[in-house]
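Novice: Below you'll find the structure I mean.
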Amino acid sequence: MRKRKEPISDTMLLMSITIGIFVVLYALAMIIWGGGFLKPQMLFDMLNDNAFLIIIACSLTIVMITGSIDISVGSVTALVTMVGVMILNGSMLNGIQTALGAPDEFRIVIAAVVAILIGLAFGAVQGYLIAYLEIQPFIITLAGLFFGRGMITIISVDPQKAPQNLMDICQSRIDMPLLGSPNKKGVMIPAHIEIGVIIALVLVVLVFILLRKFRLGRNFYAVGGNMQSALMLGVNVKRTRFLAHLLSGLLAGIAGLVFMMHVGAGNATNATASEMNAIATSIIGGTLLTGGVGNVIGTFFGVLTLTTIKAIVVTSGLRDPWWQSITTGAMLCFFILLQSVVLSRRGRGGLHVPGWLKSSGRRKE
Amino acid sequence: MEKEVVLTMRGICKSFPNVKALSNVDFTLRKGEIHALMGENGAGKSTLIKVLTGVYTKDEGEIRIDGIRDAISIRSPQEAQNYGISTVYQEITLCSNLTVAENMYIGRGTGATVKWREMEKQAGKLLDSLGIPARPKQQLGSCSLAVQQMVAIARAVDTDCKVLILDEPTSSLDDKEVGMLFSLMRDLKERGVGIIFVTHFLEQVYEVSDRITVLRNGELVGEYEVENLPQVELVAKMMGKELEGLAVIKKDRQTDRSDAEVLYEAQDLSSTQSRPFDFHIDKGEVNGFTGLLGSGRSESVRAIFGADRVTGGKVKMNGKSVKITKPIQAMKQGIGYLPENRRQDGIIADLSVRDNIILALQVMKGFFHPFSKAQAEAFADEYIKALDIKTASSDTPIKSLSGGNQQKVILARWLLTHPQYLILDEPTRGIDVGTKTEIQKLVLKLAEEGMSVTFISSEIEEMLRTCSRLIVMRDRKIVGELTGDDLTQDHVMITIAGGEK
Numbered sequence: 028m029r030k031r032k033e034p035i036s037d038t039m040l041l042m043s044i045t046i047g048i049f050v051v052l053y054a055l056a057m058i059i060w061g062g063g064f065l066k067p068q069m070l071f072d073m074l075n076d077n078a079f080l081i082i083i084a085c086s087l088t089i090v091m092i093t094g095s096i097d098i099s100v101g102s103v104t105a106l107v108t109m110v111g112v113m114i115l116n117g118s119m120l121n122g123i124q125t126a127l128g129a130p131d132e133f134r135i136v137i138a139a140v141v142a143i144l145i146g147l148a149f150g151a152v153q154g155y156l157i158a159y160l161e162i163q164p165f166i167i168t169l170a171g172l173f174f175g176r177g178m179i180t181i182i183s184v185d186p187q188k189a190p191q192n193l194m195d196i197c198q199s200r201i202d203m204p205l206l207g208s209p210n211k212k213g214v215m216i217p218a219h220i221e222i223g224v225i226i227a228l229v230l231v232v233l234v235f236i237l238l239r240k241f242r243l244g245r246n247f248y249a250v251g252g253n254m255q256s257a258l259m260l261g262v263n264v265k266r267t268r269f270l271a272h273l274l275s276g277l278l279a280g281i282a283g284l285v286f287m288m289h290v291g292a293g294n295a296t297n298a299t300a301s302e303m304n305a306i307a308t309s310i311i312g313g314t315l316l317t318g319g320v321g322n323v324i325g326t327f328f329g330v331l332t333l334t335t336i337k338a339i340v341v342t343s344g345l346r347d348p349w350w351q352s353i354t355t356g357a358m359l360c361f362f363i364l365l366q367s368v369v370l371s372r373r374g375r376g377g378l379h380v381p382g383w384l385k386s387s388g389r390r391k392e
Numbered sequence: 007m008e009k010e011v012v013l014t015m016r017g018i019c020k021s022f023p024n025v026k027a028l029s030n031v032d033f034t035l036r037k038g039e040i041h042a043l044m045g046e047n048g049a050g051k052s053t054l055i056k057v058l059t060g061v062y063t064k065d066e067g068e069i070r071i072d073g074i075r076d077a078i079s080i081r082s083p084q085e086a087q088n089y090g091i092s093t094v095y096q097e098i099t100l101c102s103n104l105t106v107a108e109n110m111y112i113g114r115g116t117g118a119t120v121k122w123r124e125m126e127k128q129a130g131k132l133l134d135s136l137g138i139p140a141r142p143k144q145q146l147g148s149c150s151l152a153v154q155q156m157v158a159i160a161r162a163v164d165t166d167c168k169v170l171i172l173d174e175p176t177s178s179l180d181d182k183e184v185g186m187l188f189s190l191m192r193d194l195k196e197r198g199v200g201i202i203f204v205t206h207f208l209e210q211v212y213e214v215s216d217r218i219t220v221l222r223n224g225e226l227v228g229e230y231e232v233e234n235l236p237q238v239e240l241v242a243k244m245m246g247k248e249l250e251g252l253a254v255i256k257k258d259r260q261t262d263r264s265d266a267e268v269l270y271e272a273q274d275l276s277s278t279q280s281r282p283f284d285f286h287i288d289k290g291e292v293n294g295f296t297g298l299l300g301s302g303r304s305e306s307v308r309a310i311f312g313a314d315r316v317t318g319g320k321v322k323m324n325g326k327s328v329k330i331t332k333p334i335q336a337m338k339q340g341i342g343y344l345p346e347n348r349r350q351d352g353i354i355a356d357l358s359v360r361d362n363i364i365l366a367l368q369v370m371k372g373f374f375h376p377f378s379k380a381q382a383e384a385f386a387d388e389y390i391k392a393l394d395i396k397t398a399s400s401d402t403p404i405k406s407l408s409g410g411n412q413q414k415v416i417l418a419r420w421l422l423t424h425p426q427y428l429i430l431d432e433p434t435r436g437i438d439v440g441t442k443t444e445i446q447k448l449v450l451k452l453a454e455e456g457m458s459v460t461f462i463s464s465e466i467e468e469m470l471r472t473c474s475r476l477i478v479m480r481d482r483k484i485v486g487e488l489t490g491d492d493l494t495q496d497h498v499m500i501t502i503a504g505g506e507k
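Protein chains in written order, with the working numbering: chain A, 28 to 392; chain B, 7 to 507.
Given below as structure tokens:
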């Protein structure tokens with residue numbers, strides 16, 4: 028075989044840029060602000076707080092690679108959280124536990140199953156409407172967003188709280204050996220992560236393998252790259268798009284479960300605008316809104332980059348919440364500019380082929 | 007010795023609402039031949055291909071393919087592929103964000119996972135054996151268009167195709183790339199693949215094909231061996247004219263333009279749709295662009311008017327350099343353009359005849375200075391009378407007028423702006439003979455009054471009657487200019503065909 032170094036693909040290039048920026052940012056933060064950034068727990072807390080965001084960012088990465096969009100994920104997360112909390116505190120589906128005579132801990136299992144079912148239901152309905160009835164994904168998932176939010180209030184107007192004994196299980200910490208830091212009294216406190224982070228990381232790996240190794244994953248890229256071509260190449264475009272949305276819904280359901288395990292309270296304003304953060308982190312991670320390019324590892328680092336910046340904003344004394352929004356906006360703008368500059372430098376600006384060469388397609392018979 | 011037949015199509019008919027696209031067309035493809043399918047735009051080439059690839063279903067007729075005893079019916083591109091009919095379309099139908107190898111294998115085979123290493127090895131072997139300069143791991147988008155096209159062909163070959171359809175494969179390639187494609191085609195021919203080659207580049211047909219089938223207006227004109235069909239005869243067959251016995255139409259107007267002033271001059275003018283060309287027109291001259299449909303004649307005049315995005319060139323009007331990149335700039339210079347497609351580019355169907363007439367003048371005056379009703383009425387009435395437009399009143403919506411009268415309304419629209427230079431693209435298409443003659447007379451009358459007119463028509467006789475100079479185009483290039491005694495139908499066709507071949 029000829030040994031030649033292949034030029035890096037668009038996906039890999041954009042992902043490498045994100046990882047690079049994250050590393051540089053974090054290193055800078057450690058040097059300039061020191062303090063919290065020097066403690067490993069800072070990084071782990073970013074993960075603990077944003078495990079659900081990592082998961083719905085994976086949803087968005089999948090649908091965006093397929094050339095679609097799903098803005099219902101935040102609502103699904105919040106709905107699942109509310110339902111989950113109410114299952115835990117016994118106001119919902121209590122009968123199943125009683126009938127089985129199972130201990131209270133069994134409620135967590137019920138909540139997990141229900142979370143997955145809710146996610147799949149959203150994904151299936153939205154996916155069907157988008158893929159088979161060919162309705163605009165933005166409109167459908169916008170409807171899903173409102174529907175999900177509305178459902179939360181129908182289920183419970185008042186905020187709900189999960190019982191502490193179950194939350195202790197949900198929030199159980201996994202200590203990281205050797206990565207601790209001494210507290211004020213000089214006692215070594217080991218760094219820890221929550222179960223939700225493990226779930227999120229496992230999902231990132233699974234989705235990565237799906238996108239890389241499985242036919243379905245590659246079909247996502249093909250459909251997002253050029254739907255018409257994918258059809259001509261024999262890809263079942265409708266099924267592929269349906270499955271992308273089904274998967275997105277499933278992940279949003281799991282994200283809701285993880286969010287519930289982290290906060291332990293159901294509230295109508297849970298995870299508000301998190302779908303927008305998920306879109307932002309996917310884009311920062313190198314996923315193109317136009318489809319066909321993207322990678323969940325990049326998305327994972329996108330989440331880290333965004334949260335690092337937010338942490339820097341807070342550490343540097345700008346504690347008012349709008350500063351975080353402003354920096355998120357600026358970041359997004361910066362990354363999109365960077366992406367289009369990088370991609371057009373690679374000769375994909377779209378203008379390098381003179382128009383007359385493209386033959387007069389529109390004037391053909 | 008007759009080679010083995012791989013595909014026969016007999017008596018194929020296909021109609022669309024209000025147009026018969028194919029009537030009773032036969033087509034035969036033999037093993038290991040390159041068979042060119044020729045015809046002007048609208049002759050039915052694409053429809054025939056689409057029937058064969060299952061994009062359209064035929065109304066009547068039968069299709070037989072080697073290896074299957076019964077006539078087959080093809081209902082989808084997927085089915086066509088299963089019968090061994092593969093198509094490479096003009097626009098590349100691959101995914102440029104995937105690798106070369108993926109593009110060759112995606113959508114085929116079974117199993118849930120992708121075996122990258124195996125796939126890349128097979129792809130590499132095939133690419134090597136076909137001499138295609140692409141690497142399996144390369145992202146497709148980083149290959150040139152020609153190589154992308156070849157990857158599409160490699161994919162087709164790998165599906166064991168018996169019939170390979172190449173639909174305008176060369177239209178976006180340069181000469182060197184065309185050469186590469188042709189050697190690949192000859193290679194496939196050696197392997198016994200029957201290739202249907204659809205193109206409108208005449209020279210390429212003669213370079214690579216064995217046989218030619220000509221269609222015209224949805225009907226079969228005939229099937230010919232390349233050696234037995236000189237290029238000029240092919241053009242005659244495509245256009246539906248016979249070479250012999252053509253009456254030479256003498257111009258009654260003697261044209262001596264040596265002292266005329268140049269009104270408009272363009273150097274290296276190019277747009278997104280046309281290649282660079284030079285062009286000029288004198289005051290009071292009527293000239294025309296001619297060539298086969300799709301040869302770039304409309305695109306050239308659209309570049310003059312700025313209707314497509316102008317990409318380069320120098321333009322002079324009355325000897326002064328001017329910038330014309332948008333229609334409004336052309337209009338301000340006194341250029342009017344009557345587009346080829348009346349319904350799409352010309353009329354505003356729901357507006358009245360009056361509003362359609364004053365439209366261009368209104369645009370030039372600016373929309374914030376509307377004409378008074380009385381003024382508009384006066385303009386409209388003047389031209390309805392002058393051009394003898396048959397309409398109930400000037401308030402009638404233009405869509406209720408006949409095609410010829412609609413055309414006159416658009417003509418009136420431009421005449422109202424008193425242009426120095428008027429471009430008429432197919433002004434007589436689809437209108438009755440009487441109106442046609444009226445329009446031709448009008449063109450000559452306008453020219454006598456000092457207006458310059460560029461005229462485009464598919465009917466050569468009409469061009470010969472009205473124009474004193476004809477610019478001949480082929481394959482998007484100007485290949486000749488005919489004046490005086492050279493203005494005969496034979497000469498025009500010979501020039502289109504590219505000399506006495």
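Ideal Cβ placement from N, Cα and C applies to all residues, glycine included. It should be emphasised that the depicted structure is a prediction, and the values quoted were computed from it without experimental measurement.
Judging by CA-CA distance, which residue of B:T494, B:Q273, B:E271, B:R480 is the nearest neighbour of A503 (chain B)?
Specialist: When only C-alpha atoms are compared, the closest one is B:R480.
Novice: Assess, as a yes-or-no matter, whether the stretch 239–255 of chain A is touched by the stretch 126–133 of chain A under the definition of 3 or more beta carbon pairs within less than 8 Å.
Specialist: Flag = no, the stretch 126–133 of chain A and the stretch 239–255 of chain A do not touch.
Novice: Which chain A residues are close to R123 (chain B), counting only those with a beta carbon under 8 Å from its beta carbon?
Specialist: Neighbours of R123 (chain B) on chain A: none; closest Cβ ~11 Å, over 8 Å.
Novice: Measure how close the beta-carbons of G319 (chain A) and G252 (chain A) come, nearest whole angstrom, since I'm counting them as under 8 Å.
Specialist: Sure, about 3 Å apart at Cβ, within 8 Å.
Novice: List the DSSP bridge partners of P403 (chain B).
Specialist: In the DSSP output, where bridge partners are listed per residue, P403 (chain B) has B:S358.
Novice: Using 8 Å for Cβ pairs, my map puts G146 (chain A) next to A279 (chain A). What's the rounded Cβ distance?
Specialist: Confirmed, Cβ separation roughly 5 Å.
Novice: Could you compute how far the alpha carbon of F385 (chain B) sits from the alpha carbon of L422 (chain B)?
Specialist: Taking the straight line from one Cα to the other gives about 8 Å.
Novice: Note down, in chain order, every chain B residue with its Cβ under 9 Å from the Cβ of G261 (chain A).
Specialist: By Cβ distance, chain B contributes P83, Q84, Q87, I112, G113, R114.
Novice: I'd like to know whether the C-beta atoms of A307 (chain A) and I82 (chain A) end up nearer to each other than 8 Å.
Specialist: Their beta carbons are not under 8 Å apart, which means A307 (chain A) does not touch I82 (chain A) by this criterion.
Novice: I think E291 (chain B) touches S474 (chain B), with their Cβ atoms under 8 Å apart; what is that distance to the nearest whole Å?
Specialist: 6 Å between Cβ atoms; contact.
Novice: At a Cβ threshold of 8 Å, is T63 (chain B) touching chain A?
Specialist: For T63 (chain B), the answer is no, since every Cβ of chain A falls outside 8 Å of its Cβ.
Novice: Would M194 (chain A) and I220 (chain A) be called neighbours here (beta carbons separated by less than 8 Å)?
Specialist: No. Outside cutoff.
Novice: Go through its chain and collect everything with a Cβ distance to Y89 (chain B)'s Cβ below 7 Å, but skip five positions before and after it.
Specialist: Excluding residues within five positions, the ones whose Cβ falls inside 7 Å are I71, I78, I80.
Novice: Exposed or buried, which one is H375 (chain B) when buried takes at least 16 other CB atoms within 10 Å?
Specialist: H375 (chain B) comes out exposed.
Novice: State the DSSP-derived secondary structure class of R239 (chain A), mapped to helix, strand or coil.
Specialist: Here R239 (chain A) sits in helix by DSSP.
Novice: Taking just the CA atoms, how far does G17 (chain B) sit from K289 (chain B)?
Specialist: Going from the Cα of K289 (chain B) to the Cα of G17 (chain B) covers about 52 Å.
Novice: Given 8 Å as the limit, is there contact between the stretch 288–295 of chain A and the stretch 94–104 of chain A, that is, 3 or more CB pairs closer than that?
Specialist: Touching, no.
Novice: Please tell me whether G312 (chain B) has its Cβ less than 8 Å away from any Cβ of chain A.
Specialist: Not closer than 8 Å to any Cβ of chain A, the Cβ of G312 (chain B) fails to qualify, so no.
Novice: Distance cutoff 8 Å, beta carbons only. Does N223 (chain B) sit that close to anything in chain A?
Specialist: No - not a single Cβ of chain A is within 8 Å of the one on N223 (chain B).
Novice: Would you kindly report the start and end of the unbroken beta strand (DSSP E) that includes C19 (chain B)?
Specialist: Its beta strand (DSSP E) spans residues 11–22.
Novice: Any Cβ of chain B within less than 8 Å of the Cβ of F241 (chain A)?
Specialist: Chain B, which has a Cβ nearer than 8 Å to the Cβ of F241 (chain A), makes this yes.
Novice: Using a C-beta to C-beta distance shorter than 9 Å, which residues of chain B count as neighbours of V320 (chain A)?
Specialist: Ordered by position in chain B, the residues that pass the 9 Å Cβ test against V320 (chain A) are N103.
Novice: Skipping 5 residues on each side, what residues in its chain have a beta carbon closer than 8 Å to that of M69 (chain A)?
Specialist: Around M69 (chain A): G63, A338.
Novice: Along the stretch 437–465 of chain B, what residues have a CB closer than 7 Å to any CB found in chain A?
Specialist: Flagged: no residues at all.
Novice: Under a CB-based cut-off of 8 Å, is A249 (chain A) close to chain B?
Specialist: It does; some Cβ of chain B falls within 8 Å.
Novice: Taking K26 (chain B) as part of the beta strand (DSSP E), name the residues at either end of that continuous run.
Specialist: Its beta strand (DSSP E) spans residues 25–36.
Novice: With a threshold of 8 Å on Cβ separation, who are the neighbours of K30 (chain A) within its own chain once the five nearest residues in sequence on each side are excluded?
Specialist: The pLDDT assigned to K30 (chain A) is 47, lower than 50, so where the model puts this residue is not dependable; a value taken from the coordinates is nonetheless given after this. So no residue of the chain qualifies.
Novice: Can you look up I48 (chain A) in the DSSP assignment and give me helix, strand or coil?
Specialist: In the structure shown, I48 (chain A) sits in a helix (DSSP, three-state: H, G or I).
Novice: Would S256 (chain A) pass as an interface residue toward chain B - the criterion being a Cβ-Cβ separation below 8 Å?
Specialist: It does: the Cβ of S256 (chain A) has a partner Cβ on chain B nearer than 8 Å.
Novice: Which residues bound the beta strand (DSSP E) around I220 (chain A)?
Specialist: Counting along the chain, the beta strand (DSSP E) containing I220 (chain A) begins and ends at 215–221.
Novice: Apart from the five residues just before and just after A129 (chain B), which ones in its own chain have a Cβ nearer than 6 Å to its Cβ?
Specialist: Closer than 6 Å at the Cβ level, and outside the excluded window around A129 (chain B), lie A107, M110, P142.
Novice: Short of 7 Å in beta carbon distance, which residues of its chain neighbour S29 (chain B), apart from the five on each side in sequence? Order them along the chain.
Specialist: Excluding sequence neighbours, S29 (chain B) sits near C19, G224, E225.
Novice: Given 8 Å as the limit, is there contact between the stretch 259–275 of chain A and the stretch 350–369 of chain A, that is, 3 or more CB pairs closer than that?
Specialist: Judged by Cβ distances under 8 Å, the stretch 259–275 of chain A makes no contact with the stretch 350–369 of chain A, as fewer than three pairs qualify.
Novice: Does the stretch 263–272 of chain A come close enough to the stretch 114–128 of chain A that 3 or more CB-CB pairs lie under 8 Å?
Specialist: Output reads no: the stretch 263–272 of chain A does not touch the stretch 114–128 of chain A.
Novice: Can you round the beta-carbon distance between K188 (chain A) and V112 (chain A) to whole angstroms, since I take them to be within the 8 Å contact cut?
Specialist: Indeed they touch by this definition, with Cβ atoms about 7 Å apart.
Novice: What does the Cβ neighbour count give for V461 (chain B), buried or exposed, with the cut at 16 atoms within 10 Å?
Specialist: The question names Val, yet the displayed sequence has Phe at residue 461 (chain B). It counts as buried.
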